[in-house]
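Participant:
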Amino acid sequence: MTETIDDKSAHCVSFILEQLQAHQQKKYDTVPPPFFLGVSGVQGVGKTTLVSTVATILRSPPHRLPTVALSIDDLYLTHAAQTLLASSNPSNALIQHRGEPGTHDITLGLSFFSALKAHQHTKIPAYDKSAFNGQGDRTNESTWEEVNVPGSVARVQVVILEGWCVGFRALGHKELRRKWEDARESKQGTLWKHQLEDLEFVNDKLREYDTLTDSLDALIHM
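Residues in the sequence shown are numbered consecutively from 1, following UniProt numbering.
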């Protein structure tokens, strides 16, 4: 069995604590909002494991920092909404299944972030990838974990959002076309296998993620 070596969490915790201190020392009209951290990296690099470990460390002594950790996967569209998206764009292979920008509920994410920033009572969205024979669906809101519960003195201080496209920005249309044309000529990668308008659809959807990205105080890329 291959031994798993954790060579990242200590560095990440140190970075977060340093950034959190600076964040809380800024001047605010009210209580400082939570520190929002994004964690990105290619699929399979270990983002979820790292974030889980870091969140556990932050919640535990000596730090005892109320911390929320979630994946951008938890913001996927409902099964019904994803099915409608796919059927409305049958020729676009990029959005026939969850995963690409455009398959997440950005409105849900913004509402969640807004509640956390205001230290309001809210619930953490969750998604079940096994539902509908692996097509996935959002879990029932009644099962979501609650934070900033009324009467509790513990208010969320750190929020970590992880995902492969967290922090990504859309390309300009001219740059996207150039990359697509270069890919068509070289026949390398998969970009050239898609129609330009399909790539533009996803690129335009990614631009809608800017509001979430702009909410992040820092970003760690693995």
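Cβ atoms here follow ideal geometry from the backbone N, Cα and C, with glycine treated the same way.
Quantities reported herein were computed from a predicted structural model and do not represent experimental measurements.
Whose CA, out of Arg-64, Val-13, Leu-94, Thr-78, lies closest to the CA of Asp-198?
Facilitator: Leu-94
Participant: How many angstroms separate the CA atom of His-97 from the CA atom of Phe-168?
Facilitator: 20 Å
Participant: What number of angstroms, rounded off, separates the C-alpha of Thr-213 from the C-alpha of Ala-69?
Facilitator: Roughly 16 Å separates the two Cα atoms.
Participant: Short of 6 Å in beta carbon distance, which residues of its chain neighbour Leu-20, apart from the five on each side in sequence? Order them along the chain.
Facilitator: Phe-35, listed in sequence order.
Participant: For Leu-161, write down the residues that DSSP places opposite it in a beta bridge.
Facilitator: Gly-38, Leu-70
Participant: Taking Lys-47 and Glu-162 to be in contact with their CB atoms under 8 Å, please state how far apart those CB atoms are, rounded to whole angstroms.
Facilitator: 5 Å
Participant: Considering only their Cβ atoms, is the gap separating Gly-134 from Pro-127 smaller than 8 Å?
Facilitator: In the sequence as presented, Pro is not what sits at residue 127; that position holds Tyr. The Cβ atoms of Tyr-127 and Gly-134 lie no closer than 8 Å to each other.
Participant: Would you kindly report the start and end of the unbroken alpha helix (DSSP H) that includes residue 226?
Facilitator: The chain is shown only over 1 to 222; residue 226 falls outside these bounds and no answer can be derived.
Participant: I want to know whether the stretch 105–112 touches the stretch 202–211 - three or more CB-CB distances under 8 Å.
Facilitator: yes
Participant: Could you tell me how far apart the beta carbons of Val-159 and His-121 are, in whole angstroms, since I believe they sit closer than 8 Å?
Facilitator: Not quite, the Cβ-Cβ distance comes to about 15 Å (not below 8 Å), so this is no contact.
Participant: Kindly indicate the opening and closing residues of the beta strand (DSSP E) around Ala-93.
Facilitator: Here Ala-93 belongs to no beta strand (DSSP E), and DSSP marks it neither H nor E.
Participant: To the nearest angstrom, how far is the alpha carbon of Cys-165 from that of Arg-177?
Facilitator: 20 Å
Participant: How many Å lie between Leu-17 and Ala-218 at the Cα?
Facilitator: A direct Cα-Cα distance of roughly 12 Å separates Leu-17 from Ala-218.
Participant: So Leu-75 is in the beta strand (DSSP E); what residue range does that whole segment cover?
Facilitator: Neither: Leu-75 is in no beta strand (DSSP E) and is coded neither H nor E.
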